[in-house]
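I have placed the structure first, in the form of structure tokens, so that the comments after it can refer back to it.
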Amino acid sequence: MLAGKMLEPVAGQAVATHSVFTEAARGGVTVLVAAPGSLLTEGLATALTEVGRRPVWLRLGVEDRDPATLLMTMVAAVRRQLPGFGAALLARSGAWPGSIFGWDGLYQALGAALADQLPSDAALVLENADRVDPHGPSLELACRHVLPALPAATPRVVIGHATLPGVGVLKADRVPTAAQLEAPDPAVALPAGLGRWRWRAATLLRRSAAVRAVLAFARSSLTDSEIVRVFRASSLPEVLTAVAQTALSRVDAGSRRALARILRVGYAAVDDHDHEHDRVYGKIQGPWFQPLVGGWSRIRTVWQAPLAAALAGDVHLDRDTERGIALGLLRRGAVERAIPLLAGLDDQPTLVWALRQVADDMIASGQWGTLGRWLDGLSADALEAEPVLLDAAAHVAFSRGRTDLARCWLDMTATAGQRRQDAPRRQEGIPGLPGLPGASGQHGRHGHRGEHGPPEAASRRLLAASRLTAITGDLAGATSRAEQAEALARVSGDATVEAAAAWHLGGLHVLGGDPETAAGFFQAAVKAVPTGPASGSPMVAEADRLVRRVVDLRRDRREHAAAAAELARSEEATMALLRAHLSTAFSAPRFAEEPGPAAGAAAAGEAGGDPAGAGGRTATGLSVDLSVVTQRRPADAAMDGCARPEMVVHVLGPLSVAVNGRPVAGWGSRQRALLAYLVLHRADTPVREVVMEAFWPGVDPAAARNSLQVAVSGLRRVLRETTRGPVVVFERGIYRLAPDVAVSVDADVFEHHVRAGRRLTDLGRHDDAVAEWEAAVALYRGDFLAGTRTDDWMVLPREQFRLTHLEALDQLSSLYFGTRRYAMCALLCRQILDRDPCREDAHRRLMRCHSRQGQPHLALLQFRTCAEVLARELRVAPGPATIRLQEKIRRHEPI
523 MLAGKMLEPV
533 AGQAVATHSV
543 FTEAARGGVT
553 VLVAAPGSLL
563 TEGLATALTE
573 VGRRPVWLRL
583 GVEDRDPATL
593 LMTMVAAVRR
603 QLPGFGAALL
613 ARSGAWPGSI
623 FGWDGLYQAL
633 GAALADQLPS
643 DAALVLENAD
653 RVDPHGPSLE
663 LACRHVLPAL
673 PAATPRVVIG
683 HATLPGVGVL
693 KADRVPTAAQ
703 LEAPDPAVAL
713 PAGLGRWRWR
723 AATLLRRSAA
733 VRAVLAFARS
743 SLTDSEIVRV
753 FRASSLPEVL
763 TAVAQTALSR
773 VDAGSRRALA
783 RILRVGYAAV
793 DDHDHEHDRV
803 YGKIQGPWFQ
813 PLVGGWSRIR
823 TVWQAPLAAA
833 LAGDVHLDRD
843 TERGIALGLL
853 RRGAVERAIP
863 LLAGLDDQPT
873 LVWALRQVAD
883 DMIASGQWGT
893 LGRWLDGLSA
903 DALEAEPVLL
913 DAAAHVAFSR
923 GRTDLARCWL
933 DMTATAGQRR
943 QDAPRRQEGI
953 PGLPGLPGAS
963 GQHGRHGHRG
973 EHGPPEAASR
983 RLLAASRLTA
993 ITGDLAGATS
1003 RAEQAEALAR
1013 VSGDATVEAA
1023 AAWHLGGLHV
1033 LGGDPETAAG
1043 FFQAAVKAVP
1053 TGPASGSPMV
1063 AEADRLVRRV
1073 VDLRRDRREH
1083 AAAAAELARS
1093 EEATMALLRA
1103 HLSTAFSAPR
1113 FAEEPGPAAG
1123 AAAAGEAGGD
1133 PAGAGGRTAT
1143 GLSVDLSVVT
1153 QRRPADAAMD
1163 GCARPEMVVH
1173 VLGPLSVAVN
1183 GRPVAGWGSR
1193 QRALLAYLVL
1203 HRADTPVREV
1213 VMEAFWPGVD
1223 PAAARNSLQV
1233 AVSGLRRVLR
1243 ETTRGPVVVF
1253 ERGIYRLAPD
1263 VAVSVDADVF
1273 EHHVRAGRRL
1283 TDLGRHDDAV
1293 AEWEAAVALY
1303 RGDFLAGTRT
1313 DDWMVLPREQ
1323 FRLTHLEALD
1333 QLSSLYFGTR
1343 RYAMCALLCR
1353 QILDRDPCRE
1363 DAHRRLMRCH
1373 SRQGQPHLAL
1383 LQFRTCAEVL
1393 ARELRVAPGP
1403 ATIRLQEKIR
1413 RHEPI
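Right, dumping it as structure tokens:
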């Protein structure tokens, strides 16, 4: 990173003083939107120095549109006062990249760290903010989370040359108008001989500190006639161009080309000043240079176009010179300046070489957005020939939500890597540049890897590779890479990456259906993660909380099942003793059974006649064969349905039934549907004819009755494999579950949690409501009786449960959004859209989640998806609310 962008101006230039700077130095937040040249920031440096403030100064560039780069810039600037500041924060940015996990948490952590560690005499200045805003979320993130976190007395100044939408989230103490930025009485005398141009010159002097500096320079460097000619220009750019042309006309061609080289970079570094350079540098001095502390200087923004015009043909550098400038910047670690220069040369081999040096480290440091923009400029052939760049492109595609493209790049990475292994080893350096090593590490030596040694960078690259491998479905490969990352981080002492790797391993085991193992990894992450606001501990703690809840629920289910089975066995044994005790005094009635499919005599008994029914059955519905009870063998008792069998039924998703803990299996779809019907209607107990019409509508009654009896017979046969007690009984013309069967249905529990969630939401008890809605969502394994043949009677409950599930997802996602749990909210929004792609409210909430996480590109992609779905499915356009939201996100306005 170029050091000059973090250096404050040298204080003391008289023409730069201004009352707005004096006010800003007193403390609070000041937003200065001023035309280039209207103010000279040396005045702010002077005002801060006079009140004993030491500024942290950031001069932003287009590279800082990437929130990861701005984060690194701010950390580097603070380190001028606090060496070692932000190590945990940069580690977190690499371990949990903001492009995937969102930027808010990282910038909140930065604000908290600054509030805790920044010296009480510090100030914060963000200059050239318009180069960042409104082109990305960086400035808004800083204004939302960093500037407000500092003490009210700390001066915080944001300076830009154009409108700054990102500062809208700030409560600024002062925002001076254009009129307030003018100098009421410039402390310089106008040159004589201006005549009718005098009034225009006075206006320029009042409005522009740059013009006042020009006049001071001209008095010592130009003749009176030259000064008059300069100030007869009609506008600020013309005045500056005239001064530059006049002053540089006395300079030799070599010095002019030296100035052109400095203009190309924007800065002149003290380490560039050998003896010859000092001589040349002295010739090109002028008001276009702003002196910075440490011997650096920069070309003022307002002077860039006038200097280019004054240099005329000398401003155009040849390709070798531009290439040399770019590679020199790369040597000094100014990657953010070097790569764009190389990209502008249309020199793909050198650009590819340079990107290959820095790609791994930029992925490891979380600068996926910047790297992605650079990779977008490569040809497909150049990209596909480089495994390192293909791998980086896969990560970038993943962060942009293009998982299909990420898989494609990942597959091509393996192929390209094999080709390179099979090919003869090639020269990695750039011909003719022996001073530049060709191996990977340029960026690392001067940038991120110099910050955290190679083991740390390697562990972060492995962790990023594990995330990418997981999206291809290769959980084993992802786990292997994550384990390597964890081991490397442990050896190197990088606690943040160790915690992130353990957290990621826990997530992989959750995906693999093993929450118990996942809980161990999440607990390890909790222990490994450093304490403090920059550590990412809230995310780790939340995962640990949720997985422990899952594990506890599973344990409770097992314990409850075991307890229920034990109680059932105890009840059965006690009931057997009671029956044996009463056997001498009572007869042994049986449950009335319906006739078999071809049992004519039984059918007659069912229709009327013998009140007790055929075979001595009584109409009471009670049936106890005491001889069977008293003579029961141990093996029979083990699988027996006791006097009160316990039946657990899951109807949300594929039907699943267990009786006394034993799963029911080996049955057909008709038997499954019939049992589900009886379970669902166990309260209203419909008569036989209603059941016949539900399953065989329009069929001859005799045939339908026979089909029903066949289905019931098959169902009883299947249930006898799990219990000998009756489960389905027939009495008084009604098929129903036996009254002594204890039935537990997931749909009942689901509806209970939904009702509780609604009530708690209405009461404003959001934490309790979240627990209820989470429980409801967890119970919904799929649509009602999924995988079962569909009968007409299933349609209504299936749709009712589907709508209730969507309500639960909607309510829970809304509560997550309200508590800033944007990743979980986004996950639920996607689930809603999987089931109902036309839900505009879910599209909007997902767009807001992406925007709040610092991913506006994903929010705009979601809008495009919404528009396409609505056009395809409903032939309508998105509603006004959705369009307004999209426009606000595109303009980077707060949402």
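Going left to right, the sequence shown walks through residues 523 to 1417 as our numbering numbers them. Every residue gets a Cβ at the ideal spot worked out from N, C-alpha and C, and that includes glycine.
Is the separation between the beta-carbon of residue i and that of residue j shorter than 8 Å?
i: A766; j: P828; result: yes
i: W1025; j: S621; result: no
i: L582; j: V654; result: yes
i: I821; j: L785; result: yes
i: V551; j: R678; result: yes
i: V1069; j: G1015; result: no
i: A1017; j: A1050; result: yes
i: W896; j: A928; result: no
i: A1022; j: L1075; result: no
Do you know whose CA, among the options, lies nearest residue i's CA?
i: D586; options: A598, R575, R576; result: A598
i: G788; options: A769, Q812, P641, R1303; result: Q812
i: R1413; options: E1243, H1379, G1401; result: H1379
i: N1228; options: A1345, H1274, V1213; result: V1213
i: T768; options: L703, F753, A782; result: F753
i: Y1353; options: S1373, G1376, T1341, R1324; result: The question names Tyr, yet the displayed sequence has Gln at residue 1353. That would be R1324, whose Cα lies nearest to the Cα of Q1353.
i: A631; options: L593, P641, H917; result: L593
i: R778; options: H917, R722, D746, V837; result: V837
i: D1268; options: A1198, R1258, L1241, T1039; result: A1198
i: S541; options: L529, A569, A525, G559; result: A569
i: V584; options: G658, G866, L737; result: G658
i: V1232; options: L1196, L814, E1253, P1261; result: L1196
i: V537; options: A1021, A738, A1041; result: A738
i: P1416; options: L1383, T1387, R1374, F1385; result: R1374
i: L851; options: A790, G804, R878, Q1384; result: A790
i: V1276; options: T1326, L1318, A1047; result: T1326
i: L524; options: E858, A992, H1372; result: E858
i: L726; options: P1185, V773, E704; result: E704
i: D842; options: T892, D869, V691, P619; result: D869
i: A998; options: A1021, A701, L1033; result: L1033
i: F1385; options: H1372, Q1408, E760; result: Q1408
i: L648; options: L1307, V555, G608, A1278; result: V555
Below 8 Å on the Cβ atoms is my guess for residue i versus residue j; work out the distance and round it to an integer in Å.
i: A860; j: I885; result: With a Cβ gap of about 18 Å, A860 and I885 do not count as contacting.
i: T823; j: H683; result: 7 Å
i: S887; j: S615; result: 7 Å
i: A1330; j: C1351; result: Wrong, their Cβ atoms sit about 13 Å apart, outside the cutoff.
i: L1237; j: F1217; result: 12 Å between Cβ atoms; not a contact.
i: W825; j: L762; result: 6 Å
i: R1003; j: S988; result: 4 Å
i: L1174; j: Y1302; result: 5 Å
i: L863; j: I847; result: 6 Å
i: R783; j: L873; result: Contact doesn't hold; Cβ gap of about 20 Å is too wide.
i: G1376; j: P589; result: 5 Å
i: L1328; j: A1348; result: At roughly 16 Å, the Cβ-Cβ gap does not stay under 8 Å, so L1328 and A1348 are not in contact.
i: A617; j: V1019; result: 5 Å
i: V578; j: L646; result: 5 Å
i: V553; j: A694; result: 5 Å
i: V1048; j: D1066; result: 5 Å
Inter-stretch contact (C-beta, 8 Å, three-pair minimum) for the stretch 669-676 and the stretch 626-640: At 8 Å Cβ cutoff, the stretches touch.
Three CB pairs or more closer than 8 Å across the stretch 558-575 and the stretch 532-539: Segments in contact, yes.
Inter-stretch contact (C-beta, 8 Å, three-pair minimum) for the stretch 1356-1366 and the stretch 1395-1403: Touching, yes, given that three or more Cβ pairs across the two stretches are closer than 8 Å.
The stretch 1190-1197 touching the stretch 1288-1297, judged by at least three CB pairs closer than 8 Å: No, because fewer than three Cβ pairs between the stretch 1190-1197 and the stretch 1288-1297 fall closer than 8 Å, the two stretches do not touch.
4 or more residues per run - each alpha helix (DSSP H) lying fully within the stretch 984-1035: For the alpha helix (DSSP H) assignment, the uninterrupted runs of no fewer than 4 residues enclosed by the stretch 984-1035 are, from N- to C-terminal side, 997-1014, 1017-1033.
Runs of alpha helix (DSSP H) wholly within the stretch 714-788 (minimum 4 residues, chain order): Runs of the alpha helix (DSSP H) inside the stretch 714-788: 720-729, 731-743, 746-753, 758-770, 775-787.
In chain order, each alpha helix (DSSP H) run of at least 4 residues that lies wholly inside the stretch 1329-1375: Under the rule that a run must span 4 or more residues, the alpha helix (DSSP H) segments found entirely inside the stretch 1329-1375 read 1344-1357, 1362-1374.
Three CB pairs or more closer than 8 Å across the stretch 1164-1182 and the stretch 1240-1251: With a cut-off of 8 Å, the stretch 1240-1251 and the stretch 1164-1182 count as touching, because enough Cβ pairs lie within range.
Within the stretch 1217-1264, ranges of the beta strand (DSSP E) (whole runs, at least 3 residues): Qualifying beta strand (DSSP E) stretches, in chain order: 1250-1253, 1256-1259.
In chain order, each beta strand (DSSP E) run of at least 3 residues that lies wholly inside the stretch 664-701: Segments of the beta strand (DSSP E) lying fully in the stretch 664-701: 677-682.
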